[in-house]
Structures are given as C-alpha cells and as structure tokens.
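Peer 1: Numbering (our numbering), first residue to last: -15 to 148.
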Amino acid sequence: MSTQPTGRIETADGVRRLVIEREFRAPIDDVWAAVTESDRLARWIGVWTGDPASGRVQFAMTAESEDATANDMEIRECDPPRRLAVTSQVGDERWQLELDLVERDGVTVLTFTQPDIDPAVADSVGPGWEYYLDRLGAVLTGGDVAAIDFDRDYYPAMAEHYGG
-15 MSTQPTGRIE TADGVRRLVI EREFRAPIDD VWAAVTESDR LARWIGVWTG DPASGRVQFA
45 MTAESEDATA NDMEIRECDP PRRLAVTSQV GDERWQLELD LVERDGVTVL TFTQPDIDPA
105 VADSVGPGWE YYLDRLGAVL TGGDVAAIDF DRDYYPAMAE HYGG
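(1) What is the DSSP secondary structure of residue 20, counted as helix, strand or coil?
(2) Spatial neighbours of residue 71 within its chain, please: C-beta separation below 8 Å, excluding the five flanking residues on both sides.
(3) To the nearest angstrom, report how far apart residue -8 and residue 15 are at their CA atoms.
(4) Roughly how many angstroms separate the alpha carbons of residue 122 and residue 143, rounded to a whole number?
(5) Output needed for residue 132: all residues of its chain with C-beta closer than 7 Å, excluding positions within five of it in sequence on either side, in chain order.
(6) Going by DSSP in three states, residue 7 sits in which element: helix, strand or coil?
(7) Does DSSP put residue -6 in a helix, in a strand, or in coil?
(8) Can you list, in chain order, the stretches of the alpha helix (DSSP H) that have 4 or more residues and sit fully within the region 67 to 136?
(9) Taking residue 33 as the reference, which of 24, 44 and 27 has the closest Cα?
(10) Starting from the C-beta of residue -10, find all residues in its chain whose C-beta is less than 8 Å away, skip the five residues before and the five after it, and write them out in chain order.
(11) Please say whether residue 76 and residue 0 have beta carbons closer to each other than 8 Å?
(12) Could you name the residues of the same chain whose beta carbon sits closer than 8 Å to that of residue 25, not counting the 5 residues immediately before and after it, in chain order?
(13) DSSP three-state label for residue 63, please.
(14) Using CA atoms only, rank isn't needed, just tell me which of 109, 126 and 68 is closest to residue 134.
(15) Bridge partners for residue 40 per DSSP, in chain order?
(16) Could you check if residue 111 is buried or exposed, using at least 16 other CB atoms within 10 Å of its CB as the buried criterion?
Following this line, the structure appears as structure tokens:
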C-alpha cells in the first residue's frame, strides 16, 4: 500500500488518460482471477452477475455498501490472462477501464488505464483507483483490506496530484 500517489495523468493525441501500475508477487493467473472472478472481486471492490459470454454483466461496487446498485458493464475486450477492457455505464456517465497484465520472474505487473478521464473528476477518481488497487494488493498478499482508509490516506490527500 502506498499513501503517496503512484499514478499519473497522461495526454496522448489530445486525450487525457489515468494510468496506475501495481506490481504483485503473484502468478499472472492468480491476479487475473482476482480481477475477473466475481467471488474474488468481492474481496476488494464488488461483484458481477450475468453471463460474460454475452459481452455484458451487471456490476455492483459492494466495497462500500453490501446493497450497492448494480450497473451495466460492457466487456469490450477479454484476452485471458493478459487484457480486460470494459465500459462502465452509470446513468449517462460512461467510463472506459482497461487492465493489462504482464508476468516476469514471478512478479505480475498490472497496468490500469482509464482513457478519456474527465478533468473535472480526476482529483477524486485517481485517488479512488489508487485505493481500490491497494485493496487488491492486500487481498493478493493476505493483508487486511479494512485497514486501508480512503478518507485518511487517499482523498483529499491525493486530490491535488490528480487534479493539477
């Protein structure tokens, strides 16, 4: 877990994107399962229901509340265990989210990208993804996700880094 921001906002071809990388001392298949299997996702962020083969699932971010509302998640690309690209739809808001995994010498590097991030919300979205990825790290290492405190360590502490 890092209490300092590790991600960055990049601009390529006029499009802003959030990029955060994490290294895990875990095999790529274990990290892939933790980010794609509903029961494993439940340990750090939320759950999905439905049939992924249809290209859509319903996803609820249950980390904050067990009764979270499920929203539509389109699966744009799924190349196990290397790449997952989805589009989250909450009301009129659509977020593209991408995960890329690479394993080298027993270490899996996860690169999280949110293309076309809205500058008006980057100051809260960046810290939010830092928080969730640290929760994923805790799950993969047997740590305590409850010890990770968004209000104390992530927001507003990281807001300036992502909003600047």
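Yeah, the Cβ is synthetic: ideal placement off N, Cα and C, and Gly gets one too.
Peer 2: Answer, in terms of the structure:
(1) helix
(2) 57, 58, 60, 78, 79, 80 and 81
(3) 22 Å
(4) 22 Å
(5) -15, 115, 118, 119 and 122
(6) strand
(7) strand
(8) 106 to 125
(9) 44
(10) 4, 5, 6 and 114
(11) no
(12) 18, 19, 31 and 32
(13) strand
(14) 109
(15) 58
(16) buried
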